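One point on numbering: in the UniProt record's numbering, the residue at position 14 of the sequence shown is 14, and numbering is uninterrupted.
The beta carbon of each residue, even a glycine, is placed where N, CA and C say it ideally should be.
These numbers were taken from a predicted model, which means no experiment stands behind them.
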Amino acid sequence: MKNKLYVGNLPYSVTSDGLKDMFAQYGEITEARVIVFKDSGRSRGFGFVEFKNEADAQRAVEEMNQKETEGRKLVVNIARPMEQRDNNDGNRGDYNENRNYDNSNSSDMSQDDSM
């Protein structure tokens, strides 16, 4: 899908409508969305713009990448497909897998002879 753009380093004040307005001059946009935190609704500083055709998307990348907006240089490129994630995201392992409860390396406080 070479008609969907990633837009990073967005000013936090930019809304989805504002993002669409920023890119509207390059062609017909089918979707523009700023990604927000679920709990607060605040912008995460990036979003996606999808154009109806690839040529318009490419022109937007060429003209908008590194363009300064509200003191921030935008990062604009063709969006990569989201990678499949399994249930073990980040390969963190099971809860107790990396826990070490062996106290052999710690001092033994139970044998305090000072009393």
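query	result
Should residue 22 go down as buried or exposed, given a rule of 16 or more other Cβ atoms within 10 Å for buried?	buried
For residue 11, I'd like the list of residues in its chain whose CB is within less than 7 Å of its CB, leaving aside the five on either flank, ordered along the chain.	69, 70, 72
Quick one: does the C-beta of residue 18 sit closer than 8 Å to a heavy atom of the ligand MN?	You won't find the ligand MN in this model; it holds no ligand whatsoever.
Kindly indicate the opening and closing residues of the alpha helix (DSSP H) around residue 61.	54 to 64
Leaving out the 5 sequence neighbours to the left and right, which residues in its chain are closer than 6 Å to residue 67 when beta-carbon positions are compared?	74
To the nearest whole angstrom, what separates the beta carbons of residue 19 and residue 76, a pair I think is in contact under 8 Å?	Not confirmed; about 11 Å, so no contact.
Can you name the residues that DSSP bridges to residue 43?	36
Under DSSP, the alpha helix (DSSP H) around residue 27 begins and ends at which residues?	Residue 27 -> no alpha helix (DSSP H), and no H or E assigned at all.
Within 10 Å of its beta-carbon, does residue 40 have 16 or more other beta-carbons around it, so buried, or fewer, so exposed?	exposed
DSSP three-state call for residue 18: helix, strand or coil?	helix
Using the three-state DSSP reduction, which class does residue 80 fall into: helix, strand or coil?	coil
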